[in-house]
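A.B. asks: Respectively, the protein sequence lines represent chains L and W. Quick note, the first sequence lines up with residues 67 to 318 if you use my numbering. Quick note, the second sequence lines up with residues 5 to 310 if you use my numbering.
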Amino acid sequence: MTRLKRPLGLALAGAVILACGVHGLRTIRMESRLLRAAPDTIPANSVLFGFAAGHGASTFRSRCASCHGLSGKGDTTQGVPDLTDSDWLYGTGTVSDIEKVVYYGIRSHNPRGWHLAVMPAFAQPIPSPTEKIPPLTPPGIQAVTEYLLSRGGQPADRALAMEGAAIYASSGGCYDCHTADAKGDSAIGAPNLTDSIWLYGDGSRQAIYDSIAYGRQGICPAWTGRLSAEQMLEVSLYVYSLSHPAADRQQS
Amino acid sequence: MSKAQNDVVALGARPIPTPERTRRSLLITAAGALIGLIIAGYALFTAKGTSTLSVPAEDVALVNQQPIARADYFTQLKATYQVDYSQATPEQRRKVLDDMIREELFVQRGKELDVAETDPDVRAAMVNSVEQMSASDVATRQPSEQTLLVYYTDHQDRYSTEGIITALDLVFPDSSHAERAAAALGSALGSGSPVATVISNFQGGNSGKLDGEEFYFAAKLHLGDTLFDSARKLPDGGVSKPVQQPDGVHLLYVVANKPPKLRSFDEARTAVLNDFRNDEIKRSTAQYQTFLTRRAGVQIAGDLQQ
Numbered sequence: 067m068t069r070l071k072r073p074l075g076l077a078l079a080g081a082v083i084l085a086c087g088v089h090g091l092r093t094i095r096m097e098s099r100l101l102r103a104a105p106d107t108i109p110a111n112s113v114l115f116g117f118a119a120g121h122g123a124s125t126f127r128s129r130c131a132s133c134h135g136l137s138g139k140g141d142t143t144q145g146v147p148d149l150t151d152s153d154w155l156y157g158t159g160t161v162s163d164i165e166k167v168v169y170y171g172i173r174s175h176n177p178r179g180w181h182l183a184v185m186p187a188f189a190q191p192i193p194s195p196t197e198k199i200p201p202l203t204p205p206g207i208q209a210v211t212e213y214l215l216s217r218g219g220q221p222a223d224r225a226l227a228m229e230g231a232a233i234y235a236s237s238g239g240c241y242d243c244h245t246a247d248a249k250g251d252s253a254i255g256a257p258n259l260t261d262s263i264w265l266y267g268d269g270s271r272q273a274i275y276d277s278i279a280y281g282r283q284g285i286c287p288a289w290t291g292r293l294s295a296e297q298m299l300e301v302s303l304y305v306y307s308l309s310h311p312a313a314d315r316q317q318s
Numbered sequence: 005m006s007k008a009q010n011d012v013v014a015l016g017a018r019p020i021p022t023p024e025r026t027r028r029s030l031l032i033t034a035a036g037a038l039i040g041l042i043i044a045g046y047a048l049f050t051a052k053g054t055s056t057l058s059v060p061a062e063d064v065a066l067v068n069q070q071p072i073a074r075a076d077y078f079t080q081l082k083a084t085y086q087v088d089y090s091q092a093t094p095e096q097r098r099k100v101l102d103d104m105i106r107e108e109l110f111v112q113r114g115k116e117l118d119v120a121e122t123d124p125d126v127r128a129a130m131v132n133s134v135e136q137m138s139a140s141d142v143a144t145r146q147p148s149e150q151t152l153l154v155y156y157t158d159h160q161d162r163y164s165t166e167g168i169i170t171a172l173d174l175v176f177p178d179s180s181h182a183e184r185a186a187a188a189l190g191s192a193l194g195s196g197s198p199v200a201t202v203i204s205n206f207q208g209g210n211s212g213k214l215d216g217e218e219f220y221f222a223a224k225l226h227l228g229d230t231l232f233d234s235a236r237k238l239p240d241g242g243v244s245k246p247v248q249q250p251d252g253v254h255l256l257y258v259v260a261n262k263p264p265k266l267r268s269f270d271e272a273r274t275a276v277l278n279d280f281r282n283d284e285i286k287r288s289t290a291q292y293q294t295f296l297t298r299r300a301g302v303q304i305a306g307d308l309q310q
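So, in structure tokens, the structure goes:
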């Protein structure tokens, strides 16, 4: 028995080293395959997707959950978007769109980030530091609020809403970002104002008034240079998985 | 092994080398060295900043060892042809790659030629870029709620609602008319008479500077500092003292006045976070400039040293 102890120990150690080596090589191979694949095609590959999303979950927990929450459901009191629904503020929710946000952020001060749209504060003398937009009067803000309530199918003062529609399409300049039909523009991150999904607040009269009066400009940091390329892709795939359950992915 | 030998081993003394043990030791040492060499070799040819023999998986090309990131390539492909990599034709893929390599080559040549010395646009872009990098670091850090609360408490003046005032700016030809109108305005309004009737009785008129409900900043802009100051503290229905102005004597009649109100931390949180970050960015940029100035050898001409 004593004679067998040492060879057994050596064999065990060898097996552990071999297993670690195999695991390491497999990880390297998978990461290499992952990085070489076109991001939008990865969800169709269940092995690659499972591997990446699994790794991405831990990155999400350590880097993203402090704002987006562990479940990714966000927080409308702080303007943090829900990553589990199908409504995308920037882009259309493809892996490459998500990856772009992870890489370069939103209003992150990274020159490649998304930073075109900033909601002006219309109750300030200078609503926007970059655009020449005049402030609105309190009745003007109330009118636009009523207009947006009516567009969202909520009860609203009809006369004021008509006044608001005129301001929306002229002096307020709202149409410029949110488009003439108020359905938003995901190319610049201007939210759809006609649905029931709100980034800030609950869509109530007061919440809409506050957004128009005080402005909004949330940020998402740029992770390039702070996370590796594979970590950024993995976390993008994990975020994608939050809004695309396995059944949906297989179907697509 | 004899009993005596076993005893020696059991006591922890050095085992007696045998050819079999020597061979095993050499084998283990060799295996360890081989594993070490493999790890070192892998690290050497894949670590960032080293010269690599192959293109890393995260890149599509290396131009003088400068990587062109695959993610940037995919983005560029999508931006140029509105197609995903998997749908792009080989020609489209090649064209985008060639363009990116060309750009990298010209950027590298630009560095060699030190174009920042001659091109003001490049200089401005470089200054902006370095500032943005410093700001980007700050933007990544998420302050604690406690930090934000302290910031909010220290800067409460920034987080009030804008005051709203509805007032009439009435102008009279002289102070006697204005004083009589001021006295009459209070009692007339108390009895329900229209303002217009009262002011016309004293040869007054509405200056038209104010138009319904206005934010304080707008009312101040329209009325000027003096008139606005005499109106802002008045309650609903209040009438100011006559104020002499170049165009006559003014009376401010305040229909409604909602002074600024401090927003709660929860209401103002997004603005607090934004202001906190902007202040941190300013601080960080200033520190960065101080650091750069300290380590630089800046010499200033004698006539400009004062």
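Note that beta-carbon positions come from the ideal geometry of N, C-alpha and C, so glycine has one too.
In chain L, which residues lie with their C-beta within 8 Å of the C-beta of residue 82 of chain W?
C.D. replies: Those within 8 Å of residue 82 of chain W in chain L are 162.
A.B. asks: Tell me which residue opens and which closes the beta strand (DSSP E) that residue 262 of chain W is part of.
C.D. replies: Looking at the DSSP string, the run of the beta strand (DSSP E) that includes residue 262 of chain W is 252-262.
A.B. asks: What residues in its chain sit with their C-beta under 7 Å from that of residue 190 of chain W, if we drop five residues either side in the sequence?
C.D. replies: Hits under 7 Å: 243.
A.B. asks: Which chain W residues sit within Cβ distance under 9 Å of residue 288 of chain L?
C.D. replies: Here the neighbours are 140, 143, 144.
A.B. asks: Just the chain W side, please: which residues come within less than 9 Å of residue 296 of chain L by C-beta, in chain order?
C.D. replies: Correct list: 61, 62.
A.B. asks: Against chain L, with Cβ distances strictly below 9 Å, would residue 130 of chain W count as a contact?
C.D. replies: With 9 Å as the cut-off, residue 130 of chain W does not count as an interface residue toward chain L.
A.B. asks: Whose Cβ in chain W lies nearer than 7 Å to the Cβ of residue 104 of chain L?
C.D. replies: Simply 78, 88, 89, 90.
A.B. asks: Looking only at DSSP bridge pairs, what is residue 251 of chain L linked to?
C.D. replies: Answer is L:256, bridged to residue 251 of chain L.
A.B. asks: Can you give, in chain order, each stretch of the beta strand (DSSP E) that sits fully within the region 21-96 of chain W and has at least 3 residues?
C.D. replies: As far as the region 21-96 of chain W is concerned, its whole beta strand (DSSP E) runs of at least 3 residues are 63-67, 70-73.
A.B. asks: How far does the alpha helix (DSSP H) with residue 274 of chain W in it extend, from its first residue to its last?
C.D. replies: Looking at the DSSP string, the run of the alpha helix (DSSP H) that includes residue 274 of chain W is 269-299.
A.B. asks: Where in the region 136-181 of chain L do unbroken runs of the alpha helix (DSSP H), each at least 4 residues long, occur, reported from the N-terminal end onward?
C.D. replies: If we require 4 residues or more, the alpha helix (DSSP H) runs fully inside the region 136-181 of chain L come out as 161-170.
A.B. asks: Closest by CA to residue 198 of chain L, which one among L:101, L:104, L:232, L:238?
C.D. replies: Ranking the options by Cα distance to residue 198 of chain L, first place goes to L:238.
A.B. asks: Along chain W, in chain order, which residues have C-beta atoms closer than 9 Å to that of residue 259 of chain L?
C.D. replies: None at all; the shortest Cβ gap to chain W is about 18 Å.
A.B. asks: Given a threshold of 16 other Cβ atoms within 10 Å of its Cβ, counted over all protein chains shown, does residue 5 of chain W qualify as buried or as exposed?
C.D. replies: Reliability of the predicted coordinates at residue 5 of chain W is poor, the pLDDT of 48 falling under 50, and the value obtained from them is presented with this limitation in mind. So residue 5 of chain W counts as exposed.
A.B. asks: How many Å lie between residue 58 of chain L and residue 136 of chain L at the Cα?
C.D. replies: It is not possible to answer for residue 58 of chain L, since the shown part of chain L is limited to 67 through 318.
A.B. asks: Using the Cβ count rule (16 or more neighbours within 10 Å means buried), how would you classify residue 286 of chain L?
C.D. replies: By the 10 Å Cβ count, residue 286 of chain L comes out buried.
A.B. asks: Tell me, please, whether the region 226-243 of chain W touches the region 217-227 of chain L by the rule of three or more beta-carbon pairs shorter than 8 Å.
C.D. replies: Output reads no: the region 217-227 of chain L does not touch the region 226-243 of chain W.
A.B. asks: Along the chain, where does the beta strand (DSSP E) containing residue 173 of chain W start, and where does it finish?
C.D. replies: Residue 173 of chain W -> beta strand (DSSP E) spans 168-176.
A.B. asks: Can you pull the chain L residues whose beta carbon is under 8 Å from the beta carbon of residue 166 of chain W, in chain order?
C.D. replies: Going along chain L in sequence order, the residues near residue 166 of chain W (Cβ under 8 Å) are 189, 190, 279.
A.B. asks: Is there a Cβ from chain L that is less than 9 Å from the Cβ of residue 273 of chain W?
C.D. replies: It does; some Cβ of chain L falls within 9 Å.
A.B. asks: So, residue 182 of chain W versus residue 246 of chain W, is the Cβ gap smaller than 9 Å?
C.D. replies: Yes; because the gap between Cβ atoms is below 9 Å, this pair is in contact.
A.B. asks: By how many angstroms is the C-alpha of residue 132 of chain L removed from the C-alpha of residue 209 of chain W?
C.D. replies: Approximately 60 Å between the Cα atoms of the pair.
A.B. asks: Check distances from the C-beta atoms of the region 134-155 of chain L to those of chain W and list, in chain order, the residues that come in under 8 Å.
C.D. replies: Within the region 134-155 of chain L, the residues whose Cβ lies closer than 8 Å to some Cβ of chain W are 143, 144, 145, listed in chain order.
A.B. asks: Taking the C-alpha atoms as reference points, what is the distance between residue 217 of chain W and residue 209 of chain L?
C.D. replies: Distance between the alpha carbons of residue 217 of chain W and residue 209 of chain L is about 13 Å.
A.B. asks: Run down chain W in chain order and give the residues with a C-beta less than 8 Å from the C-beta of residue 97 of chain L.
C.D. replies: Going along chain W in sequence order, the residues near residue 97 of chain L (Cβ under 8 Å) are 61.
A.B. asks: Please work out which residues of its chain come closer than 7 Å, Cβ to Cβ, to residue 266 of chain L, disregarding the five sequence neighbours upstream and downstream, and give them in chain order.
C.D. replies: Answer for residue 266 of chain L: 142, 145, 273, 277, 282, listed in chain order.
A.B. asks: Taking C-beta pairs closer than 9 Å, name the residues in chain B that residue 169 of chain L reaches, listed in chain order.
C.D. replies: In the structure shown, chain B cannot be found, because the protein chains are L and W.
A.B. asks: Compare the C-alpha of residue 287 of chain W against each of W:141, W:87, W:250 and name the closest.
C.D. replies: Checked all of W:141, W:87, W:250; the closest Cα to residue 287 of chain W is W:141.
A.B. asks: Would you kindly work out how many angstroms separate the C-alpha atoms of residue 41 of chain W and residue 103 of chain W, rounded to a whole number?
C.D. replies: Looking at the two C-alpha atoms, the distance is approximately 39 Å.
A.B. asks: Contact between the region 244-256 of chain L and the region 290-301 of chain L is defined here as three or more beta-carbon pairs at a separation below 8 Å; is this criterion met?
C.D. replies: Because the criterion of three Cβ pairs below 8 Å is not met, the region 244-256 of chain L and the region 290-301 of chain L do not touch.
A.B. asks: For residue 12 of chain W, collect the residues of the same chain with a Cβ closer than 7 Å to its Cβ; drop the 5 residues on either side in sequence, then sort them by chain order.
C.D. replies: Note that residue 12 of chain W scores a pLDDT of 49, beneath 50, so its modelled location is shaky; the value from the coordinates is reported in the next line. Around residue 12 of chain W: no qualifying Cβ.
A.B. asks: Hey, quick one: how far does the beta strand (DSSP E) through residue 202 of chain W stretch, first residue to last?
C.D. replies: Run containing residue 202 of chain W: none in the beta strand (DSSP E); it sits in the alpha helix (DSSP H), 199-205.
A.B. asks: Beta-carbon of residue 153 of chain W versus every beta-carbon of chain L: anything under 9 Å?
C.D. replies: Closer than 9 Å: no.
A.B. asks: Which chain L residues are close to residue 136 of chain W, counting only those with a beta carbon under 8 Å from its beta carbon?
C.D. replies: Under the 8 Å cutoff, chain L gives 175, 176, 177.
A.B. asks: Which bits of chain W does residue 112 of chain L rub up against, with CB to CB less than 8 Å?
C.D. replies: Neighbours of residue 112 of chain L on chain W: none; closest Cβ ~17 Å, over 8 Å.
A.B. asks: How about residue 203 of chain L: is its C-beta nearer than 9 Å to some C-beta of chain W?
C.D. replies: Yes, residue 203 of chain L lies at the interface with chain W (some Cβ there is under 9 Å from its Cβ).
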